[in-house]
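Q: Residue numbers (this note's numbering), protein chains in the order written: chain G, 1 to 853; chain V, 1 to 457. The structure under discussion is supplied below as structure tokens; questions concerning it will follow.
Here's what the structure looks like:
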């Protein structure tokens, strides 16, 4: 006997003690798939066999079964399961988990059970076994009532021994079909439009007339595309019968798929003789059908009843259902799943027009599979959280729409006329320039900011951020970061080059170049490392463009924010002036047209340092200079006096004089980067990455392109500044030498240093991406990092022992996340995808690293 | 970083005996965080000056086995701070103890002394050094250190008095870290003993006693009150009677603060409306939750706040409150979260409170807050409070147009609050009752505005 069971789900073994259930399940299932009551009684209570032990054991089994069914695995219940009450709780469990259920009844007869019982170490009394066997027979009759639809009875020892088990996927599991598909929205009997749409999609539709006015359709596509109908084939439109005929033929002979709609289901009920209200166009369909032969009506009824509620396609990447499907119901089976597929999620209430109040499941959809559905007419199909409704109300005089998958494009034809007046007045255009996705993005979910986060990135695969980091970053993000709709990017940290082996300078260009050379990057660019504060500028051409693209706007139609996502300027009016300046620069350089965009995201350095760091300078850097001068002056005076009495103090005096000089050098070093800012014109903004604009993240452009655009932005501009730079072929000793000399004179003149990047924005060595940038800073500047006296040989030798590797790896992860955030943004992905990556960057920045590399 | 001590008592070179350091030698000692050099800048019969110079290793402070700082750029190597006190106790231990083998009498004799301390951090509190030393009988001279934009933060201090050397050293030992207010080591119980030992005989009568104790003990409350008790016990005072004067004391103030009144209002309102489960949105350190936890009628509580630190405090508070609770078991959960994001964990409570929270949200995020609180959490009851801006003019400390707290993004007039609450209630299907908390002014209303939202249907 062949026993066909679902390829996952609850399998209920039923049989008397000694019937051979355990032998059967051992033969056919893996040990982990089986939950045996004998085993769990021992697990919870060793040898105790009281009633309480059984209760506890079954509770544990149900809990384990719940977890396994949640994962779409088998849970085989190896227990007698003789009485309805025993079975009830497992049957309920299967329903709660929307899991398929099958029962296998081991019923080899009383003799066999008794014989088996004798073999046991602790045989049960005969009358118990006999009673069991009687109960089994009775059970079989009751199973249907207990809504067990699928069961097998193995009625002899031979059957039990020889039965073969076949695992069959659920009908909704069509993951093996990978398309391409053309998913077609609610047709509602609009046959002419359907034909036109199919032709527009390049299908060849043939019609062969058969005897008795019957006809057959064949549907073929030159590229083997497969149509998928989203249901509601009938009602309202003029030709439900022909529509049904075409779709049924296509499904039964042409490899098409169809999901049932609520209208189809209602029709099937009507055809089965149920008393249903013939409203919403059903009367029209029934009228048509009544002219058809009985056989056709039977065919329709059987067809609709056979359809699974929804389909999982393309290895689970695509789900189609008439009214949509929540993630936790996908690929499952239950009354609830079917109702969801037919009607969507409803509150159970009805609105003023007597229509059910629908919950917006798509707004909260977070699943990976893309969901295509219909059911609710929309003016224009729009993606929301990777779902799309393509019912464009053809019967109401709208359009009939198909979605091409995997291309994700829609193709529509207009309705030839209005076949049915809608019950609700057509939805007013919301007066909202925002897309449905943007409206849904207004509310992000804490799930994307709590606990360990992982994001898939194009450059590095999965990037994980630990729970500790997210907890540490959460408050910063919540309390200080700008509106997440503007926050589409955060810059990565930057690692310094390895320390020079010395003597002398701590950082030298050689090590920065070596970093790239050892990673087989030959062409690099050296950019002046401005000493200011990192600033990201996101701006739109005008407030309308901002609203359209970001779903939010402000007076400035843009933002300037820091590397931790805070607004750069506390005064919105000042921020607006800054943004106006940058916007003028973008316009004057002709970038709106050149990049074909109405918004842009720029990565910049904003000078002076004191514009943002002013507080820090006053609180932290300046006091150290004052303390050093005060303390060391006193020390030098005292030592000079001591020296006059005792020349042995000479050495100490000289050392303190040197310390005093270093303190003076530190004073000069930090002051160099400060100047007062009274107006916007006192600022200097140097853009160095033209990060993104409409439809493009410019990481495919070399840095020379970015530098050239930046130079154009800065040309004749009062605030924007260009960045001095040079490209270096690392195989050319002369170029390397020239660049080194440039760095030396540059830093001697007081510049911070340079940033060395691979010429390609994203360079790879044997497949893995290389650090985006390595900084190499000048001797004087580093006093601000390592303290006034770091140049003292004794100090610098110790500071050379620094591990830069960790910070380099951190920078790379942040770089990957940042690029991905922008890419998600330009793709119009749900904002949470963007924000999770941006937040992950902030969280990674809470990682404690060697102080101040 | 430098302490010089001068005496003019002849023969002045006897200072060498008192300090146990030979005037013709330069000696170097290890102080843990670096070295200390002791040398004499002058040594004649008339005048003798010993210098204690700190030589702190700036790199070791950050990278040493016991790092005390995490920033290479810091003033510690250059200032006179607790590092100098530690160096004094290592190099001048016998003098600090008032012992002297060769001149025992001299150690007990007040002699004319002058101490100069270089680079004492005072962070703009100009008179602090005067307030600390003058009451002890010093002629105190304070001069600005080297200029620069950090001007005013570091002072060179000269102290003159006729005292025993041990007294002067003890004063400096205790008061330097007090002036600096940043100790470099972990402050444990032993510090109380040190303070008692070095402060004996002068600290108790010092007019700045409380400030000295508080700062010396690094603002650790438990230690501070223990020290206060010990001092009081030593002085034979009734600790109870002194409590009101004692800033570290725990007795409650006579007048309830506005904060207390708000919490009373929330507890009473909730008790009247009778929900069993309540989530306090923006619970901070759990002051409201603690009060709710004590009442048996509330059985399920939750707190939500952005700050992990505040939630830790709240957890601690609630642990204590549970002990005072009579009645059924209490279910409490704390969530680190934001009110401008959806958080399913907050959904399902009957009542929610937003006590002094909305004014911390950027105005352009208020719609989102409304969606989260009234759209998603959708409690049957919501209590909201916020400052009444009109009332601010009655606060003398507040400059005109100023807000009550640095983190307030706005404060509303009564009309503005009414507009917001009524619109939100209307859109979300609630009724709202507006009221206030605090002493009412005829024209400006009450300092706190309240709104009680109740869900319709």
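Using N, Cα and C, we set each Cβ at its ideal position, and we do this for glycine too.
Are the C-beta atoms of residue 48 of chain G and some chain V residue less than 8 angstroms apart?
A: As a working mapping, residue 48 of chain G is identified with position 48 in the first chain. Taking Cβ atoms only, chain V never reaches closer than 8 angstroms to residue 48 of chain G, which makes this a no.
Q: By the three-class DSSP mapping on this structure, what secondary structure does residue 450 of chain V have?
A: In the second chain, residue 450 of chain V corresponds to position 450, counting from 1. Strand at residue 450 of chain V.
Q: Just to confirm my understanding: we take residue 535 of chain G, look at its own chain, exclude 5 residues before and 5 after, and list those with CB closer than 6 angstroms. What are they?
A: Along the first chain, read from residue 1 onward, the residue named residue 535 of chain G stands at position 535. These residues qualify, in order along the chain: 560, 568, 604 and 606.
Q: Using a Cβ cut-off of 8 angstroms (strictly closer), state whether residue 4 of chain V contacts chain G.
A: Position 4 of the second chain, counted from the start, is the residue given in the question as residue 4 of chain V. Yes - at least one Cβ of chain G is within 8 angstroms of the one on residue 4 of chain V.
Q: Going by alpha carbons, who is nearest to residue 737 of chain G out of G/510, G/825 and G/707?
A: Looking up residue 737 of chain G in the first chain gives position 737. Considering only alpha carbons, the answer is G/510.
Q: Give the residues of chain G in contact with residue 307 of chain V, contact being defined as C-beta atoms less than 7 angstroms apart.
A: Position 307 of the second chain, counting from 1, holds the residue named residue 307 of chain V. Per Cβ cutoff of 7 angstroms: 475.
Q: Quick one: which unbroken beta strand (DSSP E) runs of 3-plus residues sit fully inside the stretch 329-367 of chain V? Chain order, please.
A: The qualifying runs are 331-336 and 351-355.
Q: Should residue 125 of chain G go down as buried or exposed, given a rule of 16 or more other Cβ atoms within 10 Å for buried?
A: Here residue 125 of chain G is taken as the residue at index 125 of the first chain, counted from 1. Burial call: exposed.
Q: So, using beta-carbon positions, are residue 813 of chain G and residue 463 of chain G closer together than 8 angstroms?
A: Working through the first chain from its first residue, we reach residue 813 of chain G at position 813. Working through the first chain from its first residue, we reach residue 463 of chain G at position 463. Result yes, Cβ atoms of residue 813 of chain G and residue 463 of chain G sit closer than 8 angstroms.
Q: Cutting at 7 angstroms between CB atoms, please list the residues of its own chain near residue 322 of chain V, excluding the five before and the five after it.
A: Numbered from 1 along the second chain, position 322 holds the residue referred to as residue 322 of chain V. Result list for residue 322 of chain V: 293 and 330, in chain order.
Q: Flag this pair as yes or no: are the beta carbons of residue 173 of chain V and residue 89 of chain V separated by less than 8 angstroms?
A: In the second chain, the residue the question calls residue 173 of chain V occupies position 173. In the second chain, the residue the question calls residue 89 of chain V occupies position 89. Yes, the Cβ-Cβ distance between residue 173 of chain V and residue 89 of chain V is below 8 angstroms.
Q: Please classify residue 46 of chain V: is it buried, with 16 or more other beta-carbons within 10 angstroms of its beta-carbon, or exposed?
A: As a working mapping, residue 46 of chain V is identified with position 46 in the second chain. So residue 46 of chain V ends up on the exposed side.
Q: When we look at the beta-carbon of residue 360 of chain G and count the other beta-carbons within 10 Å, is it buried (16 or more) or exposed?
A: Residue numbering aside, residue 360 of chain G sits at position 360 when the first chain is read from its first letter. Exposed, since its Cβ has fewer than 16 Cβ neighbours within 10 Å.
Q: Please report the residue range of the beta strand (DSSP E) in which residue 808 of chain G lies.
A: Locating residue 808 of chain G in the first chain gives position 808, where the first residue counts as 1. That residue, residue 808 of chain G, is in no beta strand (DSSP E); its alpha helix (DSSP H) goes 805-826.
Q: Which residues, in chain order, does the stretch 78-93 of chain V contribute to contact with chain G at a C-beta distance below 9 angstroms?
A: The residues in question are 78, 79 and 80.
Q: Quick one: give me the first and last residue of the beta strand (DSSP E) that residue 753 of chain G is part of.
A: As a working note, residue 753 of chain G is residue 753 in the first chain. 753-758 is the span of the beta strand (DSSP E), which, as asked, contains residue 753 of chain G.
Q: Which stretch, first to last residue, makes up the alpha helix (DSSP H) that contains residue 156 of chain V?
A: Locating residue 156 of chain V in the second chain gives position 156, counting from the first residue. No alpha helix (DSSP H) contains residue 156 of chain V, which is instead part of the beta strand (DSSP E) from 154-163.
Q: List, from N- to C-terminal side, the beta strand (DSSP E) runs of 3 residues or more that fit wholly inside the stretch 79-154 of chain V.
A: 111-121 and 139-144, all fully within the stretch 79-154 of chain V.
Q: Within its chain, find whatever has a CB closer than 6 angstroms to the CB of residue 585 of chain G; leave out the 5 residues flanking it on each side and keep chain order.
A: Numbered from 1 along the first chain, position 585 holds the residue referred to as residue 585 of chain G. Taken in chain order, the residues that qualify are 713, 717 and 720.
Q: Please report the straight-line C-alpha distance between residue 339 of chain G and residue 261 of chain G, rounded to a whole angstrom.
A: Translated into positions along the first chain, residue 339 of chain G becomes position 339. Translated into positions along the first chain, residue 261 of chain G becomes position 261. When rounded, the distance between both Cα atoms is 10 angstroms.
Q: For the alpha helix (DSSP H) that contains residue 75 of chain V, what are its first and last residues?
A: On the second chain, position 75 is the one that residue 75 of chain V refers to. First-last for residue 75 of chain V: undefined, no H or E at that position.
Q: With a Cβ-Cβ cutoff of 8 angstroms, do residue 780 of chain G and residue 629 of chain G count as a contact?
A: By 1-based counting over the first chain, the position of residue 780 of chain G is 780. By 1-based counting over the first chain, the position of residue 629 of chain G is 629. Cβ distance not < 8 angstroms, so residue 780 of chain G and residue 629 of chain G don't count as in contact.
Q: Bridge partners for residue 226 of chain V per DSSP, in chain order?
A: In the second chain, residue 226 of chain V corresponds to position 226, counting from 1. According to DSSP, residue 226 of chain V bridges with nothing at all.
Q: Whose C-beta lies closer than 6 angstroms to the C-beta of residue 367 of chain G among residues of the same chain, with five residues either side of it excluded?
A: On the first chain, residue 367 of chain G is found 367 positions in, with the first residue counted as 1. So the list reads 327, once near-sequence residues are dropped.
Q: Would you report the Cα separation of residue 67 of chain G and residue 26 of chain G, rounded to the nearest angstrom?
A: Residue 67 of chain G sits at position 67 when you count from the first residue of the first chain. Residue 26 of chain G sits at position 26 when you count from the first residue of the first chain. Whole-angstrom Cα-Cα distance: 21 angstroms.
Q: Does any CB atom of chain V fall closer than 8 angstroms to the CB of residue 317 of chain G?
A: Along the first chain, one-based indexing puts residue 317 of chain G at 317. Closer than 8 angstroms: no.
Q: Flag residue 508 of chain G as yes when its Cβ comes closer than 7 angstroms to any non-hydrogen atom of the ligand NAD, and as no otherwise.
A: Annotation note on the ligand NAD: not contained in the displayed structure, which lists no ligands.
Q: Quick check on the burial criterion: 16 or more other C-beta atoms within 10 angstroms. Buried or exposed for residue 324 of chain V?
A: Walking along the second chain from the start, residue 324 of chain V turns up at place 324. Looking at its Cβ environment, which holds fewer than 16 other Cβ atoms inside 10 Å, residue 324 of chain V is exposed.
Q: Which term fits residue 43 of chain G, buried or exposed, when burial requires 16 or more other beta carbons within 10 angstroms of its beta carbon?
A: Start at 1 with the first residue of the first chain, and residue 43 of chain G comes out as number 43. So residue 43 of chain G ends up on the exposed side.
Q: What are the residues that DSSP puts in a beta bridge with residue 411 of chain G?
A: Counting from 1 along the first chain, the entry for residue 411 of chain G is found at position 411. G/402, per the DSSP bridge assignment.
Q: Using a Cβ-Cβ cut-off of 8 angstroms, state whether residue 24 of chain V counts as contacting chain G.
A: Start at 1 with the first residue of the second chain, and residue 24 of chain V comes out as number 24. Judged by the 8 angstroms Cβ criterion, residue 24 of chain V is in contact with chain G.
Q: Going by alpha carbons, who is nearest to residue 916 of chain G out of G/811, G/325, G/329 and G/550?
A: Within the shown structure, residues of chain G are numbered from 1 to 853, placing residue 916 of chain G beyond reach of any answer.
Q: Out of V/344, V/391 and V/386, point me to the one whose CA is closest to residue 372 of chain V's CA.
A: Here residue 372 of chain V is taken as the residue at index 372 of the second chain, counted from 1. Among V/344, V/391 and V/386, the Cα nearest to that of residue 372 of chain V belongs to V/344.
Q: Consider the Cβ of residue 661 of chain G: report whether some Cβ of chain V lies at a distance smaller than 8 angstroms.
A: Looking up residue 661 of chain G in the first chain gives position 661. No, because no Cβ of chain V sits closer than 8 angstroms to the Cβ of residue 661 of chain G.
Q: For a quick check, are the C-beta atoms of residue 547 of chain G and residue 627 of chain G less than 8 angstroms apart?
A: On the first chain, position 547 is the one that residue 547 of chain G refers to. On the first chain, position 627 is the one that residue 627 of chain G refers to. Their beta carbons are not under 8 angstroms apart, which means residue 547 of chain G does not touch residue 627 of chain G by this criterion.
Q: Is the stretch 154-166 of chain G in contact with the stretch 44-64 of chain G, if contact means three or more CB pairs nearer than 8 angstroms?
A: Cβ pair count under 8 angstroms is below three, so no.
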